[in-house]
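Below is one structure, written out as structure tokens; the observations come after it.
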């Protein structure tokens with residue numbers, strides 16, 4: 171951890187008779203810092219020679235002498251050599267922060283901020299359980315012509331702060347993790363059927379590294395960040411199903427755009443009600459979460475032949491921010507699963523569900539994940555275009571292309 175020094179020369183400063191730092195303070199600093207530089211995170215144990223290369227820097231200079239870096243700050247002299255006034259740095263950054271020309275940049279406040287954030291991060295990371303890694307999956311595609319992105323850094327931040335896990339990026343796509351890029355697809359209105367067919371193909375191909383990771387035991391938890399047309403999100407959820415523990419994140423708009431769930435947002439509940447009875451076994455479900463779906467926009471054949479149900483929030487007007495709280499998302503998922511279960515009793519002969527979604531992206535993924543293969547009916551997912559709803563993708567048609 172370095173020996174006590176009597177004379178120190180640092181660029182513009184020459185100081186002598188420096189008081190020693192007590193061993194308990196040295197130990198606390200190294201432990202709190204995790205043996206890493208508080209600025210650049212460099213590991214401060216030379217693995218080749220097994221020697222310490224870290225340096226304990228004073229935030230407020232150890233004396234009030236004119237040439238003591240930040241020594242004129244208000245701090246009692248007997249408090250300047252304790253752990254709270256010390257920050258662990260690599261040699262390069264120790265030299266930088268104490269250089270006279272840079273003192274206006276590396277102020278007491280800035281160094282305290284570096285110290286606190288670094289030590290809190292070390293505490294958080296070292297407090298994680300052994301199996302706390304989560305593989306990140308990002309699915310990005312144009313939504314009504316708008317490009318959408320979620321950076322690797324933001325995904326790591328959300329997984330770290332939202333689930334007490336650290337983000338793991340499988341060794342694919344230049345170590346960017348599992349990334350499903352749909353941006354190259356043409357506008358669906360230009361080639362409706364081809365768009366959905368190509369989209370499904372991209373999803374299937376992009377999930378192959380994940381399939382390998384699951385079979386090799388590398389994937390024990392999955393974190394999903396997705397923004398795309400709703401039917402492709404439903405398809406993604408269906409291909410993943412619910413056998414892999416998964417956290418699904420929702421992009422929230424406001425003063426600060428983030429994918430973190432808000433514990434302060436209202437907790438919404440949901441209900442399913444029957445809008446139209448029909449004697450046939452055919453069923454349609456309207457999901458009015460982000461907005462209210464007008465039944466007049468549904469295909470005439472559906473209205474003529476199907477019993478129509480609607481799911482909507484209880485005592486809340488449908489809106490785009492309906493799922494800001496994670497508990498609201500979980501309540502939606504529970505209600506949706508209960509609806510599928512009730513179909514087995516109320517519509518035993520039902521072979522097809524017509525799904526009309528006005529829902530957030532996280533809900534769309536859950537609509538696919540909640541389907542039990544060979545038990546629930548097939549689901550035809552519709553999308554709104556040109557003032558009407560048109561069929562896009564069919565899931566659970568008892569196909570044999572299961573990925574996991």
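In the numbering used here, the protein residues as written are 171 to 574. From the three backbone atoms N, C-alpha and C, an ideal C-beta is built for every residue, glycine too. All of these numbers come straight from a predicted model, not from anything done at the bench.
- Under the DSSP assignment, residue 482 falls in the beta strand (DSSP E) whose first and last residues are 477-483.
- Judged by DSSP secondary structure, residue 369 falls within the alpha helix (DSSP H) whose first and last residues are 362-376.
- Taking a cut-off of 8 Å for Cβ pairs, the stretch 455-466 and the stretch 477-493 touch, as three or more such pairs fall below it.
- Taking 9 Å as the cut-off, the beta carbon of residue 529 is found no closer than this to the beta carbon of residue 520.
- Closest option to residue 534, judged by alpha-carbon separation, among 334, 471, 410 and 404: 404.
- Closest in C-alpha terms to residue 402, from the list 451, 329 and 369, comes 369.
- Taking every protein chain shown into account, the CB of residue 562 has 16 or more other CB atoms within 10 angstroms, so this residue is buried.
- Around the beta carbon of residue 389, 16 or more other beta carbons lie within 10 angstroms, which makes this residue buried.
- DSSP, reduced to helix, strand and coil, places residue 269 outside both helices and strands of the structure shown, so it counts as coil.
- The C-alpha of residue 431 lies about 50 Å from the C-alpha of residue 188.
- A straight-line Cα-Cα distance of about 10 Å links residue 277 and residue 243.
- Between residue 486 and residue 522, the alpha-carbon positions lie close to 30 Å from each other.
- About 7 Å separates the CB atoms of residue 305 and residue 383; that is less than 8 Å, so the two are in contact.
- Inclusion of residue 225 and residue 281 in the CB contact set at 9 Å is not warranted, their separation being larger than that value.
- In the DSSP assignment, the residues bridged to residue 260 are 224.
- Uninterrupted beta strand (DSSP E) stretches at least 3 residues long and entirely within the stretch 532-566 occur at 548-555 and 558-565, given in chain order.
- Non-local C-beta neighbours of residue 502 in its own chain, meaning closer than 6 Å and more than five positions away in sequence, comprise 440 and 533, ordered along the chain.
- For residue 416, the pairing in a beta bridge is given by DSSP as 392.
- In the DSSP annotation of this structure, residue 302 is not part of any alpha helix (DSSP H), being labelled neither H nor E.
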